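Undergrad: Using numbering that gives the first Met the number 0, read the sequence shown as starting at 0 and increasing by one per residue.
For every residue, glycine included, the Cβ atom is placed at its ideal position computed from N, Cα and C.
Every value quoted in this text rests on a predicted model; they were computed, and no experiment measured them.
I have a structure here, written as structure tokens, and I will follow up with some questions on it.
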Amino acid sequence: MENKKLIELAFEAREAAYAPYSNFAVGAALLTADGKVYKGCNIESASYSPTNCGERTAMFKAVSEGERDFSAIAVVGGFLDREKIDFAWPCGVCRQVLMEFCDPKTFRVIVAKSVDDYEEYLLEELLPKGFSPRNMEKLI
Ligand code: THU
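Rendered as structure tokens:
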């Protein structure tokens, strides 16, 4: 799937964001190795800490459906009351969750401001020297 299409789906996912406390809406579109896409949005909580990021929502949806093989994720985010959005970088917790299920040397993370304005990184660039299932000598 083309990056542009995946970004489009991330924007679509953002529409469902539940972010009444931060007003910062995030959407993610996670691509499986066989071409399926799982969308996710951030889901906040009145007690704050249970908040789930868009990337993790997408990943948990996919893993709970039995998916284990992933090739890329597109992430978009920004304040709901501002038209312009900046790159929404995956937080450290989400990078770690991606590390659990994705090969850091091949998995692509696409952060986008629009379908035409985006940057792409390998997971290993965003989480260098990360701890992963490989360190537990246990391959997924
Ligand atoms: N957020 C995400 O959804 N993904 C990230 O990687 C960073 C932060 C959400 C969490 C919270 O609902 C809002 O953005 C502000 O932190």
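Looking at Cys40 and Ala15, is the spacing between their C-beta atoms short of 8 angstroms?
TA: In contact: Ala15 and Cys40 (Cβ atoms closer than 8 angstroms).
Undergrad: Find out if the Cβ-Cβ distance for the pair Ala111, Tyr120 is shorter than 8 angstroms.
TA: no
Undergrad: Assuming the contact rule is C-beta atoms closer than 8 angstroms, Glu54 and Ala27 should be a hit. Round their C-beta distance to whole Å, please.
TA: 5 angstroms
Undergrad: Hey, is Thr50 close to ligand 1, as in C-beta under 7 angstroms from one of its heavy atoms?
TA: yes
Undergrad: With the cut-off set at 8 angstroms, would you say Phe100 and Val62 are in Cβ contact?
TA: yes
Undergrad: By a C-beta neighbour count over all protein chains shown, 10 Å radius and 16 as the cutoff for buried, is Tyr37 buried or exposed?
TA: The residue in question, Tyr37, is buried, as its Cβ has 16 or more Cβ neighbours within 10 Å.
Undergrad: Check for me: the alpha helix (DSSP H) holding Cys93 runs from which residue to which?
TA: 91–100
Undergrad: From the DSSP output, which residues share a beta bridge with Leu121?
TA: In the DSSP output, where bridge partners are listed per residue, Leu121 has Arg107.
Undergrad: Going along the chain, which residues of its own chain have a beta-carbon closer than 6 angstroms to the beta-carbon of Ser70, five neighbours each way excluded?
TA: Leu30, Ala32
Undergrad: Quick one, which of Ala57, Ser21, Val25, Lys128 has its alpha-carbon nearest Lys35's?
TA: Ala57
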